Every structure is written in structure tokens, then in C-alpha cells.
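Asks:
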Amino acid sequence: MWSFENISHSIDTWLYNTFSPTTAMLIEFLIIAICIIGLFSVLGLVLIMMERKVSAWMQVRLGPNRVGPGGMFQTVADTLKLIVKEGMTPNNVDRFLFNLAPFIVMIVSMVVLAPLMFAKNFQIWDINIGILFITAVSSVSVIGILMAGWASNNKYSLLGAMRSGAQIVSYELSAGLSILAIVVLTGSLKISDIINSQENGWWIFKGHIPAIIAFVIFIIAVTAETNRAPFDLAEAESELTAGFHTEYSGMKFALFFLAEYVNVFIVCAVGATLFLGGWMPLHFGTGNKFNEVMDYIPSSIWFFGKTFFLIFVIMWFRWTFPRLRIDQLLNLEWKYLLPISMFNLLLVTVIAILKWHF
Amino acid sequence: MRRNKKSHLYRETQIVETHSADVEGDLVINVGPQHPATHGVLHLVITINGETIKKVDPHLGYIHRSIEKMCESLSYRQFIYVTSRMDYLSSHINNHGCALCVEKGLQIQVPPRAQVIRVLMDELTRLASHQLWWGAMTMDVGALTPFFHAFREREMINDIMEETCGARLTMNYMVPGGVMADIHPNFQRKVKEFITHFKTKIGEYDELVTGNVIFQNRMKGVGYISKEDAISYGMTGPSARGSAVQCDIRKLYPYEVYDKVQFDEILETDGDSFARYMVRMKEMHQSLSIIEQLIDNIPDGDFQAKTKAVLKLPKGEFYSRIETARGEFGVYIVSEGGTTPYRIKFRSPGFSNLSALDHMARGGKIGDLVAMMGTLDLVIPDIDR
Numbered sequence: 004m005w006s007f008e009n010i011s012h013s014i015d016t017w018l019y020n021t022f023s024p025t026t027a028m029l030i031e032f033l034i035i036a037i038c039i040i041g042l043f044s045v046l047g048l049v050l051i052m053m054e055r056k057v058s059a060w061m062q063v064r065l066g067p068n069r070v071g072p073g074g075m076f077q078t079v080a081d082t083l084k085l086i087v088k089e090g091m092t093p094n095n096v097d098r099f100l101f102n103l104a105p106f107i108v109m110i111v112s113m114v115v116l117a118p119l120m121f122a123k124n125f126q127i128w129d130i131n132i133g134i135l136f137i138t139a140v141s142s143v144s145v146i147g148i149l150m151a152g153w154a155s156n157n158k159y160s161l162l163g164a165m166r167s168g169a170q171i172v173s174y175e176l177s178a179g180l181s182i183l184a185i186v187v188l189t190g191s192l193k194i195s196d197i198i199n200s201q202e203n204g205w206w207i208f209k210g211h212i213p214a215i216i217a218f219v220i221f222i223i224a225v226t227a228e229t230n231r232a233p234f235d236l237a238e239a240e241s242e243l244t245a246g247f248h249t250e251y252s253g254m255k256f257a258l259f260f261l262a263e264y265v266n267v268f269i270v271c272a273v274g275a276t277l278f279l280g281g282w283m284p285l286h287f288g289t290g291n292k293f294n295e296v297m298d299y300i301p302s303s304i305w306f307f308g309k310t311f312f313l314i315f316v317i318m319w320f321r322w323t324f325p326r327l328r329i330d331q332l333l334n335l336e337w338k339y340l341l342p343i344s345m346f347n348l349l350l351v352t353v354i355a356i357l358k359w360h361f
Numbered sequence: 125m126r127r128n129k130k131s132h133l134y135r136e137t138q139i140v141e142t143h144s145a146d147v148e149g150d151l152v153i154n155v156g157p158q159h160p161a162t163h164g165v166l167h168l169v170i171t172i173n174g175e176t177i178k179k180v181d182p183h184l185g186y187i188h189r190s191i192e193k194m195c196e197s198l199s200y201r202q203f204i205y206v207t208s209r210m211d212y213l214s215s216h217i218n219n220h221g222c223a224l225c226v227e228k229g230l231q232i233q234v235p236p237r238a239q240v241i242r243v244l245m246d247e248l249t250r251l252a253s254h255q256l257w258w259g260a261m262t263m264d265v266g267a268l269t270p271f272f273h274a275f276r277e278r279e280m281i282n283d284i285m286e287e288t289c290g291a292r293l294t295m296n297y298m299v300p301g302g303v304m305a306d307i308h309p310n311f312q313r314k315v316k317e318f319i320t321h322f323k324t325k326i327g328e329y330d331e332l333v334t335g336n337v338i339f340q341n342r343m344k345g346v347g348y349i350s351k352e353d354a355i356s357y358g359m360t361g362p363s364a365r366g367s368a369v370q371c372d373i374r375k376l377y378p379y380e381v382y383d384k385v386q387f388d389e390i391l392e393t394d395g396d397s398f399a400r401y402m403v404r405m406k407e408m409h410q411s412l413s414i415i416e417q418l419i420d421n422i423p424d425g426d427f428q429a430k431t432k433a434v435l436k437l438p439k440g441e442f443y444s445r446i447e448t449a450r451g452e453f454g455v456y457i458v459s460e461g462g463t464t465p466y467r468i469k470f471r472s473p474g475f476s477n478l479s480a481l482d483h484m485a486r487g488g489k490i491g492d493l494v495a496m497m498g499t500l501d502l503v504i505p506d507i508d509r
């Protein structure tokens, strides 16, 4: 029920029956590429709109309300404006790196979308090292940011990029360790396996307190990894004007901006997949009436519902907390989060070996 | 800087590097004059090593309008209105200080009704200024939401001002001998409404920001200045009271009815950014209490003393001081006996408070510098004049 499997399978069968295998594969690649680019831009637009509405709601104001019904097309209008804007390159910058940087950041966040499972049997690439692939590829984006900061020939950009480098590299550790906690419980890196293992309950419920600790650390760490407040030191508009993308304008700036929001979506989707069961409906135990009722809600709604809930939480952070200082930021990671998550991982391992989890 | 061949096509931006980096690894950055943290056109040349600040050198003059010189060609009634444009967040109090000086020279007795109205307006202005400071300072440390919450309350004060004074920012309400017009019939009711509203919201301010652990970590122990240093830099106002300097002009040299109302001079002993923050937060409560004491006790009578149409100060020098939201504001008038002052000098609180920034910021981080500038509550037109 409610599965995309039939549609994708019929397209696949038709393509392979009509064309030669090579052509069919190329056409499939093309379709996927178009889907990903479409998803990338739609996600960016929706999330920017969401951020503006959430912030307006928290800040006792209305937010965008002029373009389209309820201001829904404001971000579309903004993006159109940015596209037609002159793609300016400042004087005395390293032109090649300057122009390359936004594309690296964008491509990284596009590639990371591949192993994510958006609904039941709706996935681009069910690679057997899925979660490792996500962490590995997403860490490449720091190169794009460092490149942007270095090439801009601007001291603010350089400082922002340095901060960003220090921050992302450190927080990846505790994000990775809390991901490992679930991998240990599941015994697999494959996204579909991780989701299927949560059929009789999500890991955050099944994994006792260590899973909850891992979840909290994961949310803190990914907030830092995506450079969002209260860890937005790389941009820190009151200190470094705009940090690493100070010198960017037009569509090159928009690519950074869209990539930031798509990254937020990705980390929230990973969090939802690992801790909240991905597309898996809310199940308790096996084979009771409650589970059957929950199964009637489409899996895509479960996935996007959980993801957008986490996104809302991260936006909530941004509009509530002040920013940390750079030394406090690094202290938090190296003195608190990393030891806690290492110890937590040991606990989880013990739980997994003794099969204490449900 | 080496130029490539194409660069003559562009107009190169001249970067003012007043200090070349002496030590290897130091970096000189121009913060401002166009920078989101400087709240105006302040230009700081900072020398940093990594993230640590080694030197802060403020450059002034980007919004210098030669107000003191301008005042020399304006009459004693007119020059008061120019001072609204100096510290625009406490324009009432600036006007008040100038009016006091002229009254001192002419020995005008201000009617009791005007005195109470003046104090009420001063305290409302102080509240509005502290609210805006709170919003802007929290924005400096990275929390964007409080700004809008602060403006919600400030808007109510602006509405009150609009009804009585006819303006929302540069009120020009104080004149030599009293106030320009009587208070609006709605004034008392609206002020009471505001007090009840604000009393419920000020707890929200503390919940949202003061108690926040990130905020406390950002503020505590940074930007330290000792009592002796604060005095030697000439700091005044809440910034100095954060270092336990007793400098409230309302207590030390009471003017109008300040000696008849009950209020405390807030002193904090820590001398760091958080102490300066707490002084202002507590001062809001004190201002509220002053307004509460006076709002039902406005005496009847004239709102303005009878003065001559053309004011002529006797030959001599006159000085008056007043406590603005930022500190001590002094007005020094030299008169030759004519209708215009021979020379006017304003002592603005922001200027001397800014001079202590270098002392505080050395050894801190870039984020600290921004937070310190927030707690000093700088208004750049007040510094440059």
C-alpha cells in the first residue's frame, strides 16, 4: 500500500525493454539527476520559507506575506532575483577557487541525498555502506568552505573559514560516534537495514537511555556541523559580517544558502532515519491493532513529518540561543561531548552484546 | 600590494592600515565604518593574533556634524533642538540638560508641574533606551529574537511620546523654563497601561536572555575593568556603575524632583560585561518605580515658566550635568552676553566610555569585543557630535 515501488519498477522495466541496457541506464541516470536537482531547489525554497515563517512566529511579526497566497512564493521571487543578478567576482581573488567553491558545497549536499530513503522502497542507491557514505561525503563540504574563505582575499572570510574548519572537523567526531551507537545496535551500515530493524519500535525508544543521549549529542553536533546558530561562528554576522561568503553575491551566494538548508534537511533526515525510524510508522511490539492503524499513514508522510519536526527543533535553537564563542565551542566538543559520546558508545556496545535492547 | 595588469580597470579600495602588523602572525582588520556590530559608523582598527585581540584603535569622525559649532549661531531656544540629534536614544535627556544650563544662567524657576513632567519623560526615555540597548546587545551576541521583543515594548513608549510631544525619536519637548506643551489627556492612562504591560514582560527578558547559560558564559568574566581604571578613563553611567563607581548624577547632584523620589543607585562590583548588563536590567526596574511614584502625583499649575521672548544669558560660563541613559552628559556654555552662545561644549558619555574599549578588549576574543561594545551601549552620533 502507498508504495512508489510499482511506479519506479514499471518505468525501469519499460526502459530496459525499449532501449539497449546502456541507453536505458543513461536515461535512468538523467531522470535521477533531474529529480535530485528538482528536490534540491524545492527543498531549499521550502526550508527558507519555513525558516522565515518560524522566525516570524517567534519574533512577534508576520513574516513574508505579499508574494502569492500567504507569501508562499516569496522565496521563488528571491531566487529569481538572485539568478538574474550579476555574478560578480571581486578584484584580486583567486578566480578559479572562488568560482569552484560554491559548486563543491552544492554537489556535496546533492550527492549525500543518494542513500537517503524517502519512503518505503523509495531510494536512489541502497549502498551497503550507506551511513558511512553520508558521513564521508558530507565532510567534503568543509573543503568548499575553506576554499571560499581562502580565495575571497578578505580577512573576514578567512577568519570565518578557519572557524568553520575547526568547528566542522571537531563536531564530526561526536556526530560520527553517536551515529556509530545506532550502527552498533543495528549491526549494519545499510540504510534499509537500519530502518527495517526499527519495525517493532524506534531506536530512541528501544535503546534505553544511551540511545537518547546519542540522539541529543547527534542533534547538537549536526547543528554545529551545518554552521547554524548557536554554532554559526563561521557566518556570525555581528562579528564577521557574513564569514566565508562575505564576498559572494548573486547565484553563487544563493548556492551556499541553498546548500546550507539542504544540509539541514540531510542531517535531520539522517537523524530521523537512525533514531526515529525513517519512514517506519510508529510501532510498538509486533502484530497489534495500533501498528495496523499506524500503517495506514503513508510512509513518505512519516519520513517527512519526522524530518521536518527535527528541522523545526534546529530552527527553534537558532531563534532562541545566543552564539557561543570560539573557545567555548571547542571546549564543549572536546571536553564534554566527545568523552560523553565515547563512554556512551561503550554502554551501547554492552547493551548490544547482552541484547538488553528491546 | 602587487597589482595584476587588469586591475587599473577597477577603482581599488584604499584600506587604511594605521598600524602595520609588528609581530609576525598578527592581522590588522578594519571593523567598520560599515559593519553590523558597530551600530553606526564607528571604525575600529583591531590587531588580532588568531582570534585573540591585541589592540583596538577606534577611529572617529564619520558622523561628525560639528554640532557644537552649529550651536554658536543658534539662539538659546534654538540650540536645544540640535542636541536631540546627538544621543538620539535619549533625546529628552539631552534637551533637558541644555534647558537646565540655560535656566541656571537666567535663574529661571521651573514650575513644579514641569519638573515632574520632565522627570517622567526622562525616565520613559531611559526605559526606551535600555530596551533598545537590550535588543541590540543580545543581537550582538547572536540572539536575534530579543530585538523584536524589545521593540514591542519600546513602541508603546514611542506612542506615548508621539501623543504628548508630537515626535517619536527627536522629541524637542524641553524648553528653557519648562516643557513645550502640557501633557496629553491620555498620558497618565497610557503610562499606567505601559507599566502593567512591561512588568509582565521584563520577567520574560530575564527568562529569555539573562538566565541563558550560553549568554552567561559569553558575558561573565570578559571585558573586565577595575574601579580605578573606570574612573581614570572617565567612564560614567551604567557602564561605570558595573565597576562599582558611584556616578549617578541623579543621586550626587539631584536636579528637578529626583531628591524627592525613592530610587536606588544600582552598583555591581564585578566590572565585567555581565555586571554592566545587570546594572542596566536593574535600572529598568528603578525607572519603573520612579514613574510609578510620580505618575499619580503630577501637581497642577503651569507647565512653563514665564520667560522673555529673546533669551540673553549674562556674561560668564555655565555648566550643567545630567544623567542620560548612557552616563553623564555635560553642557558647558560660554556667554558674551549676546543672544547666541560664544562657545558650547558638550561632554558626551559615549566618548569616554568608548575610550575604555581598548583596555577591556585586549586579550579577549573577537566575539568578546562585539559583546563589550554592546554592553558599553555606544551611540555613535553621540560620540562624534
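For the protein sequence lines, the chains are A and B, in the order given.
This note's numbering puts the first residue of the first sequence at 4, with every later residue one more than the last.
This note's numbering puts the first residue of the second sequence at 125, with every later residue one more than the last.
Glycine included, every Cβ here is placed at the ideal spot set by N, Cα and C.
Predicted model, so just to flag it, every value in this text is computed and none were measured.
Could you check whether Arg374 of chain B and Gln387 of chain B sit closer than 9 Å to each other, using their CB atoms as the reference points?
Replies: Reading off the sequence, residue 387 of chain B comes out as Phe, not Gln. Against a cut-off of 9 Å, the Cβ pair of Arg374 of chain B and Phe387 of chain B comes out as a contact.
Asks: For the alpha helix (DSSP H) containing His321 of chain B, name the first residue and the last one.
Replies: 311 to 329 is the extent of the alpha helix (DSSP H) around His321 of chain B.
Asks: Rounded to whole angstroms, what is the Cα-Cα separation between Arg250 of chain B and Asn341 of chain B?
Replies: 27 Å
Asks: Closest Cβ-Cβ distance between Asp501 of chain B and chain A: below 9 Å?
Replies: Cβ-Cβ to chain A under 9 Å: no for Asp501 of chain B.
Asks: Given 8 Å as the limit, is there contact between the stretch 175 to 184 of chain A and the stretch 344 to 356 of chain A, that is, 3 or more CB pairs closer than that?
Replies: yes
Asks: Can you find a CB in chain A that lies within less than 9 Å of the CB of Gly347 of chain B?
Replies: no
Asks: Could you pull out every unbroken alpha helix (DSSP H) segment of at least 4 residues lying fully inside the stretch 52 to 87 of chain A, listed in chain order?
Replies: 77 to 87
Asks: Flag this pair as touching only if the stretch 476 to 488 of chain B and the stretch 418 to 431 of chain B have three or more C-beta atom pairs under 8 Å; answer yes or no.
Replies: no
Asks: Quick check on Glu328 of chain B: buried or exposed, where buried means 16 or more other Cβ atoms within 10 Å of its Cβ?
Replies: By the 10 Å Cβ count, Glu328 of chain B comes out exposed.
Asks: Using a beta-carbon distance below 9 Å, is Gln126 of chain A in contact with chain B?
Replies: no
Asks: Taking DSSP as the reference, what is the three-state secondary structure of Gln428 of chain B?
Replies: strand
Asks: Report the three-state DSSP secondary structure of Lys358 of chain A (helix, strand or coil).
Replies: Secondary structure of Lys358 of chain A (DSSP, three-state): coil.
Asks: From His132 of chain B to Pro93 of chain A, what distance separates their C-alpha atoms?
Replies: For His132 of chain B, the pLDDT reaches just 49, beneath the cut-off of 50, and the residue's location in the model is therefore unreliable, although a value from the coordinates is still provided. Spanning the two alpha carbons is a distance of roughly 14 Å.
Asks: What three-state label does DSSP hand Ser472 of chain B in the structure shown?
Replies: coil
Asks: List, in order along the chain, the chain A residues whose C-beta lies closer than 9 Å to that of Val494 of chain B?
Replies: Ala239, Ser241, Glu242
Asks: Below 8 Å, how does it come out for the stretch 270 to 282 of chain A and the stretch 106 to 124 of chain A: are there three or more Cβ pairs, yes or no?
Replies: yes
Asks: Is the beta carbon of Phe322 of chain B less than 9 Å from the beta carbon of Ile284 of chain B?
Replies: no
Asks: Would you call His248 of chain A buried or exposed, if buried means 16 or more other Cβ atoms sit within 10 Å of its Cβ?
Replies: buried
Asks: How long is the line joining the alpha carbons of Ile343 of chain A and Ile220 of chain A, rounded to whole angstroms?
Replies: Rounded to the nearest angstrom, the two C-alpha atoms are 9 Å apart.
Asks: According to DSSP, is Gly491 of chain B helix, strand or coil?
Replies: helix
Asks: Can you give me the C-alpha to C-alpha distance between Phe22 of chain A and Phe32 of chain A, rounded to a whole angstrom?
Replies: 14 Å
Asks: Can you check whether the C-beta of Ile504 of chain B is within less than 9 Å of a C-beta belonging to chain A?
Replies: no
Asks: Listed from N- to C-terminal order along the chain, which residues in the stretch 263 to 279 of chain B have their beta-carbon within a distance smaller than 7 Å of any beta-carbon of chain A?
Replies: Here the close residues are Met263, Asp264, Val265, Gly266, Ala267, Leu268, Thr269, Phe272, His273, Arg276.
Asks: At 9 Å on the CB atoms, spell out the chain D contacts of His167 of chain B, in chain order.
Replies: Among the chains of the structure shown, chain D does not appear; the protein chains present are A and B.
Asks: Using the Cα positions of Leu224 of chain B and Glu416 of chain B, report the straight-line distance between them to the nearest angstrom.
Replies: When rounded, the distance between both Cα atoms is 24 Å.
Asks: Residues of chain A with CB closer than 7 Å to the CB of Lys344 of chain B, please, in chain order.
Replies: The premise fails here: Lys344 of chain B is roughly 11 Å from chain A at the closest Cβ pair, so nothing lies under 7 Å.
Asks: Along the stretch 319 to 330 of chain A, where does the CB come closer than 9 Å to a CB of chain B? Name the residues.
Replies: Of all residues in the stretch 319 to 330 of chain A, only Arg321, Trp322, Thr323, Phe324, Pro325, Arg326, Leu327, Arg328, Ile329, Asp330 place a beta-carbon less than 9 Å from a beta-carbon of chain B.
Asks: Leaving aside the five residues before and after Leu176 of chain A along the sequence, list all residues of the same chain whose C-beta is less than 7 Å from its C-beta, in chain order.
Replies: Leu341
Asks: Here's the rule I'm using: 16 or more other beta-carbon atoms within 10 Å means buried, otherwise exposed. How should Lys129 of chain B be labelled?
Replies: The predicted position of Lys129 of chain B is uncertain, since its pLDDT is 49 and thus under 50; a value taken from the coordinates is nonetheless stated next. Classification for Lys129 of chain B: exposed.
Asks: 9 Å is my cut-off, CB to CB: does Phe339 of chain B come that close to chain A?
Replies: yes
Asks: Nearest by alpha-carbon distance to Leu162 of chain A: which of B:Glu460, B:Leu332, B:Ile172 is it?
Replies: Nearest C-alpha to Leu162 of chain A: B:Ile172.
Asks: By Cβ distance, which residues of its chain are closer than 7 Å to Thr189 of chain A, with the 5 residues on each side in sequence left out?
Replies: Asp196, Ile197, Ser200
Asks: Where does Ile446 of chain B fall in DSSP's three states?
Replies: It is a strand residue.
Asks: I'd like to know whether the C-beta atoms of Phe320 of chain A and Asn336 of chain B end up nearer to each other than 9 Å.
Replies: no
Asks: In the DSSP assignment, what residue or residues form a beta bridge with Thr176 of chain B?
Replies: According to DSSP, which records beta bridges pairwise, Thr176 of chain B is partnered with B:Asn173, B:Lys489.
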